[in-house]
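First comes the structure, then the notes that go with it.
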Amino acid sequence: MKLPLGLSLLALGFGSQAPLIAERGAPARIAIAAADEPGERMIVAGRVMGPDGQPLSGASLYVYQTDKDGIYSKPVNDNRTPRLRGYMRTDALGRYEYTTIKPGSYPNTRNPAHIHYVVNASGFRERIFEIVFAEDPLVDQRIRDQAAREDSVFSIRPLTRDRQGVWRCTQDIQLRR
Ligand SMILES: [Fe+2]
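Take the position in the sequence shown, starting the count at 1, then add 21; the result is the number in my numbering.
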């Protein structure tokens with residue numbers, strides 16, 4: 022059945038926003054891409070810490086990304102409701118880890134592939150930024166200059182490949198009060 026435009030958009034959840042905070046008790050290690058998700062497998066891990074480098078346990082991470090073709094969601098491409106997303110709470114040592122695939126650049130753009138982060142811990146300021154990959158030729162000088170600033174929205178991370186051919190990336194996050 023064909024619905025009037027407004028109704029079909031409503032049915033698709035258009036206009037809604039995925040939560041930005043993980044539920045209490047969310048796991049520290051998750052998979053945000055199923056085993057059959059097309060793309061190159063990647064594992065991202067790191068720690069959340071406070072200003073003195075002390076590990077923050079129970080910190081909330083919301084991470085989201087495009088698929089390998091640079092698409093957040095279908096049929097409507099909307100970064101507020103990304104298909105590949107996940108919620109974590111850091112473990113007692115402040116650690117988190119997620120299994121995913123390497124995202125793609127937005128179609129027909131020079132925008133580098135990236136993974137968005139929203140990080141929160143009570144008593145600390147929220148951190149919002151995105152990982153881009155050091156070897157990506159689309160990471161240009163403007164992004165490098167921006168990434169060098171304190172609390173930048175860009176974090177340029179190197180990727181290494183493990184013996185199974187899985188990309189490995191680390192991303193630690195320091196929060197301020
Ligand atoms: Fe994005």
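From the three backbone atoms N, C-alpha and C, an ideal C-beta is built for every residue, glycine too.
{"Item": "Quick one: using the 10 Å Cβ neighbour count with 16 as the cut-off for buried, is Ala32 buried or exposed?", "Value": "Below a pLDDT of 50, predicted positions are generally treated as unreliable, and Ala32, at 49, falls in that range; the measurement from the model is reported next regardless. Exposed, because fewer than 16 other Cβ atoms sit within 10 Å of the Cβ of Ala32."}
{"Item": "Once DSSP output is grouped into helix, strand and coil, what is the label at Arg68?", "Value": "strand"}
{"Item": "Pull up the distance between the alpha-carbon of Thr87 and that of Gln167, whole angstroms please.", "Value": "22 Å"}
{"Item": "Is Asn129 close to ligand 1? I mean its beta-carbon at under 7 Å from any heavy atom of the ligand.", "Value": "no"}
{"Item": "Could you check how far apart the C-beta atoms of Met15 and Leu82 are, in whole angstroms? I think they sit under 8 Å.", "Value": "Nothing about residue 15 can be read from this structure; the chain reaches only from 22 to 198."}
{"Item": "For Arg131, collect the residues of the same chain with a Cβ closer than 7 Å to its Cβ; drop the 5 residues on either side in sequence, then sort them by chain order.", "Value": "Leu159"}
{"Item": "Please determine whether the Cβ atom of Asn98 lies at a distance below 7 Å from any heavy atom of ligand 1.", "Value": "no"}
{"Item": "Entirely within the stretch 51-99 and at least 3 residues each: give me those beta strand (DSSP E) ranges in chain order.", "Value": "62-70, 81-86"}
{"Item": "State the start and end residues of the unbroken alpha helix (DSSP H) segment that holds Arg165.", "Value": "162-168"}
{"Item": "Can at least three beta-carbon pairs, one atom from the stretch 38-54 and one from the stretch 168-181, be found at a separation below 8 Å?", "Value": "no"}
{"Item": "Tyr138 and Phe154 look like a contact to me (Cβ under 8 Å); what is the Cβ gap, rounded to whole Å?", "Value": "The pair is not a contact, with the Cβ atoms about 14 Å apart (cut-off 8 Å)."}
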